[in-house]
Amino acid sequence: MDFFRIRFEPVEPVLVNRSVAFDGLLAHRTWLRTGDAGTAHLSLPLAHVDGVWQASELLFLGPVATREVHYVMNPRWDRFEYGELAGERGGPRGKTQARDALKPTFDRYDAISARRAFVLGRGDMDGIETLIDGLDSIGKKSRAGGFGRVDAKKTRIDRLRDAPAGLGYTDFAGGPARVVPKDVWNGLGLPVEDVSFGPARPRLPRWATEDELCALPASHVVQPGQRSRIGP
């Protein structure tokens, strides 16, 4: 397996719920091809240690612009009884809420506008190239309401030489580039100085796994003076 760096060029803001993990993106691409959730989560073309895939979360090249975006969950009209959407004078109500366990709630995301986004990691180059071929959007709610689209023609994957052994778990500066269980982090002999640890879900599928104590990335934005974090 080889060390790699992937460059994306977003043409729309990317929606982020704390982060965008590359292993999750590849799992989704695998599921689209196979329709098999087990294959999608357990058979990725990435190196791994103890089931934790060796690939970073998206790292955005700064400067960036960020804003908060809200999405309404469960907005199905068939859950409202006839007349609930109309006010006393027959006009539409300004605010309506279903009275059941599936009442509408808000999802909150950060929309990040950046010129470029990068992924670092180690894996099978041919397998990765196959999965990202034709990928035209990244992030949460991809292509929903003008978010996440990338210029697929400018996506680039490079094989890296002389990369740190933990690249993908770390960036080139040695800091966490994804959430990594503390046991895995310590077992790889990665530095603990100036590293924050906290609860996170490092394993796929994240919706069916538990929080673990993990090394946490300090920032997903690579400022202009930190360009060395993503390599030469």
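Residue 1389 is where the sequence shown starts when you use the working numbering, and the numbers rise one by one after that. All C-beta atoms, glycine included, are put in the ideal place defined by N, C-alpha and C.
Where residue i falls: helix, strand or coil (DSSP)
i: residue 1436; result: strand
i: residue 1361; result: Lying outside 1389 to 1620, the shown extent of the chain, residue 1361 is not represented and no answer is given.
i: residue 1571; result: helix
i: residue 1596; result: helix
i: residue 1618; result: helix
i: residue 1604; result: strand
i: residue 1578; result: coil
i: residue 1428; result: helix
i: residue 1566; result: coil
i: residue 1584; result: strand
i: residue 1543; result: coil
i: residue 1530; result: coil
i: residue 1524; result: coil
8 Å Cβ cutoff met for residue i and residue j
i: residue 1418; j: residue 1519; result: yes
i: residue 1599; j: residue 1589; result: yes
i: residue 1444; j: residue 1556; result: yes
i: residue 1502; j: residue 1560; result: no
i: residue 1436; j: residue 1593; result: no
i: residue 1566; j: residue 1605; result: yes
i: residue 1563; j: residue 1392; result: no
i: residue 1408; j: residue 1446; result: yes
Continuous beta strand (DSSP E) stretch holding residue i: start and end
i: residue 1403; result: 1402 to 1404
i: residue 1390; result: 1390 to 1396
Beta bridge counterpart(s) of residue i as assigned by DSSP
i: residue 1538; result: 1398
i: residue 1506; result: 1395 and 1447
i: residue 1553; result: According to DSSP, which records beta bridges pairwise, residue 1553 is partnered with nothing at all.
i: residue 1548; result: 1391
i: residue 1560; result: Note: residue 1560 sits in no beta bridge, so no partner.
i: residue 1407; result: 1405
i: residue 1589; result: Answer is none; residue 1589 lacks a bridge partner.
i: residue 1457; result: 1497
Euclidean distance between Cα positions of residue i and residue j
i: residue 1545; j: residue 1415; result: 18 Å
i: residue 1586; j: residue 1608; result: 16 Å
i: residue 1457; j: residue 1499; result: 6 Å
i: residue 1399; j: residue 1526; result: 11 Å
i: residue 1603; j: residue 1403; result: 23 Å
i: residue 1511; j: residue 1540; result: 21 Å
i: residue 1484; j: residue 1459; result: Unreliable positioning characterises residue 1484 in this predicted model, as indicated by a pLDDT of 49, which lies under 50. The coordinate reading is nonetheless provided below. Cα to Cα, the separation comes out at about 16 Å.
i: residue 1597; j: residue 1612; result: 36 Å
i: residue 1440; j: residue 1496; result: 27 Å
i: residue 1574; j: residue 1581; result: 12 Å
i: residue 1515; j: residue 1452; result: 31 Å
i: residue 1390; j: residue 1425; result: 26 Å
i: residue 1610; j: residue 1617; result: 7 Å
i: residue 1530; j: residue 1537; result: 7 Å
i: residue 1450; j: residue 1505; result: 9 Å
Residue range of the unbroken alpha helix (DSSP H) whose run includes residue i
i: residue 1514; result: 1513 to 1520
i: residue 1411; result: 1410 to 1422
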